[in-house]
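Here the structure comes first, spelled out in structure tokens, and everything after it is commentary.
In my numbering, the protein residues as written are 361 to 644.
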């Protein structure tokens, strides 16, 4: 079953609270890929608390150069090296020269088997990448394919034609709905960004910042490169997301009750407002 595990190591904004740390999200997919989205201060300690070795992290995707999103990166990289790990950093191109001084590969896209990650420009005050994940699930085979050998089914699901009994069978002949692709977008910090919506077109899961609720000067919020809960909902609808996860909540909010009240919408997107250290399992 295609399943994503998302653990929120830090759901705060630029200023931490005792119960709300700086931005960092641990993503693990059903294929075994382990990725850290942003690296707020202290993220490696939070990984350890969760039982994840820093050496097991293969990719760290940094959205932009503001300190709340990357102060935990040097320590994580050093620990990863000490423990014999191999880590790669994804970041906006404007950050590559500086981050390369950490002695690890730096890029703005990556692939690992059936998972691909690429940078999508968002609307913040500095050069910023939203990170778009895409998983290729292959083809969904119909009933008549069940009589084929197991090895043939494996190849057909991956989109490869097979020869069985002297006959070539293509994936299109024994599948429905075409190739299945699932997508997740993590925005990092962003104001409402219609250009990004057009570039991405659609996602299954959207992790969107919601720094503020509804008690602010919205124009000023947008000028500062941030979003409200209403902005995040608008983005989710534009991208036809089935799941919306709100994070990067300002320290001005003692709790997230206001965010949850504003996000209580039906039908989809199904909206979650996680606390630090909460894990969400998402079926793709």
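Built from N, CA and C at the ideal position, the CB exists for glycine as well.
All figures in this text were calculated on a predicted structure; none of them were measured in a lab.
Review point. So, helix, strand or coil for residue 490, using DSSP?
Key: Strand.
Exercise for review: Would you mind giving the Cβ-Cβ distance between residue 478 and residue 469, rounded to the nearest angstrom? I have them listed as a contact below 8 Å.
Suggested key: Cβ atoms of residue 478 and residue 469 come within 8 Å of each other, at about 4 Å.
Check your understanding: Any Cβ of chain C within less than 8 Å of the Cβ of residue 551?
Key -> Of the protein chains in this structure there is only one, and it is not chain C.
Review point. Counting pairs of Cβ atoms below 8 Å between the segment 437 to 446 and the segment 422 to 429, do you hit three or more?
Key: No, because fewer than three Cβ pairs between the segment 437 to 446 and the segment 422 to 429 fall closer than 8 Å, the two stretches do not touch.
Exercise for review: Report yes if the C-beta distance between residue 601 and residue 563 is below 8 Å; otherwise report no.
Suggested key: Yes, Cβ-Cβ distance for residue 601 and residue 563 is below 8 Å.
**Study point:** Of the listed residues 363, 409, 548, nearest to residue 485 (C-alpha basis)
**Key:** Residue 548 holds the alpha-carbon nearest to the alpha-carbon of residue 485 among 363, 409, 548.
Review point. With 16 as the cutoff for other CB atoms within 10 Å, does residue 644 come out buried or exposed?
Key: Sixteen is the threshold: when 16 or more other Cβ atoms of the shown chains lie within 10 Å of the Cβ of residue 644, as they do, the residue is buried.
Review point. What runs of the beta strand (DSSP E), each 3 residues or longer, lie entirely inside the segment 536 to 616?
Key: Counting only runs of 3 or more, we get 565 to 569, 603 to 607.
Exercise for review: For residue 371, name the three-state secondary structure that DSSP assigns.
Suggested key: Here residue 371 sits in coil by DSSP.
Review point. By how many angstroms is the C-alpha of residue 560 removed from the C-alpha of residue 365?
Key: Spanning the alpha carbons of residue 365 and residue 560 requires a straight line of approximately 22 Å.
Check your understanding: In this structure, does DSSP put residue 475 in helix, strand or coil?
Key -> Note: residue 475 maps to strand in three-state DSSP.
Review point. Is there contact here, the segment 410 to 421 with the segment 571 to 586, by at least three beta-carbon pairs under 8 Å?
Key: No contact exists between the segment 410 to 421 and the segment 571 to 586.
Point to revise | Cβ neighbour criterion (16 or more within 10 Å) applied to residue 569 | key: Buried: at least 16 other Cβ atoms inside 10 Å.
Review point. Which full runs of the beta strand (DSSP E) of 3+ residues lie inside the segment 397 to 469, going along the chain?
Key: As far as the segment 397 to 469 is concerned, its whole beta strand (DSSP E) runs of at least 3 residues are 419 to 421, 448 to 450.
Practice item. Specify whether the segment 628 to 640 and the segment 361 to 376 touch according to this definition: at least 3 beta carbon pairs, one from each stretch, less than 8 Å apart. Key: Yes, the segment 628 to 640 touches the segment 361 to 376.
Review point. Helix, strand or coil for residue 619 per DSSP?
Key: Looking at residue 619 - three-state DSSP - the assignment turns out to be helix.
**Study point:** Per DSSP, the bridge partner or partners of residue 498
**Key:** Per DSSP, 540.
Review point. Per DSSP, which one or two residues make a beta bridge with residue 636?
Key: DSSP output for residue 636 lists no bridge partner at all.
Exercise for review: Determine the extent of the beta strand (DSSP E) in which residue 527 is found, giving its start and end residues.
Suggested key: Boundaries of the beta strand (DSSP E) harbouring residue 527: 527 to 529, taken from the DSSP string.
Practice item. Using beta-carbon positions only, say whether residue 376 and residue 611 come within less than 8 Å of one another. Key: Yes; because the gap between Cβ atoms is below 8 Å, this pair is in contact.
Check your understanding: When the Cα atoms are used, what is the spatial distance from residue 471 to residue 418?
Key -> So the alpha carbons of these two residues sit roughly 11 Å apart.
Exercise for review: Could you check if residue 490 is buried or exposed, using at least 16 other CB atoms within 10 Å of its CB as the buried criterion?
Suggested key: Buried, since its Cβ has 16 or more Cβ neighbours within 10 Å.
**Study point:** DSSP beta-bridge partners of residue 631
**Key:** Answer is 604.
Review point. Near residue 406, what residues of its chain come up, given a Cβ to Cβ distance below 6 Å and the 5 sequence neighbours on each side ignored?
Key: Spatial neighbours of residue 406 in its own chain (CB-CB distance under 6 Å, excluding positions within 5 residues in sequence) are listed in chain order as 369.
Practice item. Could you tell me if residue 511 is buried or exposed, where buried requires 16 or more neighbouring beta carbons within 10 angstroms of its beta carbon? Key: By the Cβ-count criterion, residue 511 is exposed, with fewer than 16 other Cβ atoms from all chains shown falling within 10 Å of its own Cβ.
Check your understanding: Does the distance from the CB of residue 604 to the CB of residue 581 come in under 8 Å?
Key -> Taking 8 Å as the Cβ cut-off, residue 604 and residue 581 do not qualify as a contacting pair.
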